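Numbering (the working numbering), first residue to last: 3 to 341. The C-beta atom is built at its ideal place from N, Cα and C for all residues, glycine as well. The structure presented is a predicted model; accordingly, all values stated were derived computationally and were not measured. Data first, discussion second: the structure below is written as structure tokens.
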């Protein structure tokens, strides 16, 4: 069996990435280990594109009973059933981190599977992101990664941060907060925080510590991918017809900001989009398949440009202003409990 292992020290503990031919049918695979926790990540992409108007990415996070080092009796059939809540949430962490880094025009099916092979002290959530990133990054699947993840926590009364603590800290009441952050190149694109009561200053410091750890793992991943990475498949982005862009610029571009910033809700945007698609069907019916994509692309650009350049939000709120909140406890039904 072919083997090559890479390692780095994170939080005073060894993080390793083992490449073998264990899953040689996958386009990319790796076993990532940390404190006796080991995860196998595989990534595959279909040969041909799929019909549809979205990027078909599936992320599966699979737990196995044997990962805990115990195998139940064989008196009854042992079968892993539906994913646990923890597995679903772990899969979502990975999905939310890697999905934005794919070009959204891709229509080839991509499947990323994370299998927990062994559960030691290492928290599999952060490892899952790193494993998925290495599996995709070393494959031929086009992707704008790598991306990394770090978990930071702190005990009550302490000023020191713990990097990548054991998963058992989730139930430890001495832990003041637990923060998980994912990102790349100095930016964070996914955060999960569990805290009892913590100041913004402390969480900001924890995010800074997470970002520093992420960048260290990023450099490690880039080194591995540079050595082992396959040539990426080039999937050209469909070119929007020039005459369709001209129609939008002449008749709709100037009206789009007014529709977006007309107040809370999307009613005005929806009306303008209906009018736009009707115009496309009437004047350029052969370009209908590009109509929705162009309208969404321009809408996103206006929203992002206004937020970044003018600190303006679509519903009129300031950048540090939240929506009005309303909470009602009870009053729904006498049979409803837990409210």
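Query: Residue 255, DSSP secondary structure in three states; Result: helix
Query: For residue 155, the nearest candidate out of 149, 147 and 165 (CA to CA); Result: 165
Query: Own chain, CB closer than 6 Å to residue 15, minus 5 neighbours either side, in chain order; Result: 37
Query: Nonlocal neighbours in the same chain, by C-beta distance under 7 Å from residue 48, ignoring five residues either side; Result: 110 and 111
Query: Length at least 4, wholly inside the region 275-316: the alpha helix (DSSP H) runs in chain order; Result: 290-312
Query: Range of the contiguous beta strand (DSSP E) that encloses residue 93; Result: From DSSP, residue 93 is part of no beta strand (DSSP E) but of the alpha helix (DSSP H) over 87-100.
Query: Residue interval of the beta strand (DSSP E) (run including residue 113); Result: 110-120
Query: Delimiting residues of the beta strand (DSSP E) encompassing residue 60; Result: 59-64
Query: Exposure label - residue 236; buried when at least 16 CB within 10 Å; Result: exposed
Query: Three CB pairs or more closer than 8 Å across the region 56-69 and the region 119-138; Result: yes
Query: Residues sharing a beta bridge with residue 9, DSSP; Result: 18
Query: Residue 29 vs residue 45 beta-carbon contact at 8 Å; Result: yes
Query: Whether residue 35 touches residue 18 by CB criterion (8 Å); Result: yes
Query: Coil, strand or helix - residue 25 by DSSP; Result: coil
Query: Start and end residues, alpha helix (DSSP H) containing residue 230; Result: 202-230
Query: For residue 133 and residue 41, believed in contact at Cβ under 8 Å, the rounded distance; Result: 5 Å
Query: Cβ contact (3+ pairs, closer than 8 Å) linking the region 250-264 and the region 297-306; Result: yes
Query: Of the residues 136, 194, 295 and 151, the one placed nearest residue 145, counting alpha carbons only; Result: 136
Query: Classification of residue 334 by the beta-carbon crowding that lies within 10 angstroms, buried from 16 upward; Result: exposed
Query: Endpoints, the beta strand (DSSP E) within which residue 189 is located; Result: 189-197
Query: Nearest-angstrom Cα separation, counted from residue 129 out to residue 215; Result: 13 Å
Query: The region 202-222 touching the region 182-191, judged by at least three CB pairs closer than 8 Å; Result: yes
Query: Proximal residues to residue 95 (C-beta, below 8 Å), its chain only, five neighbours per side dropped; Result: 127, 130, 131, 151, 182, 184, 192 and 194
Query: Residue 338 classed as buried or exposed, judged by whether at least 16 other C-beta atoms fall within 10 angstroms; Result: exposed
Query: Reference residue 226, options 12, 140 and 62, closest by Cα; Result: 140
Query: Closest by C-alpha distance to residue 1, when choosing among 124, 314, 163 and 305; Result: Past the edges of the chain, shown from 3 to 341, lies residue 1, and the structure says nothing about it.
Query: Outcome for residue 179 when other beta-carbon atoms lying within 10 angstroms are tallied against a minimum of 16; Result: buried
Query: Cutoff 6 Å; reference residue 171; Cβ partners in own chain excluding five residues on either side; Result: 155 and 177
Query: Anticipated Cβ contact below 8 Å, residue 115 with residue 62, distance rounded; Result: 5 Å
Query: Integer-rounded CB distance, given that residue 125 should sit under 8 Å from residue 168; Result: 7 Å
Query: Proximal residues to residue 104 (C-beta, below 8 Å), its chain only, five neighbours per side dropped; Result: 57, 59, 112, 144, 145 and 146
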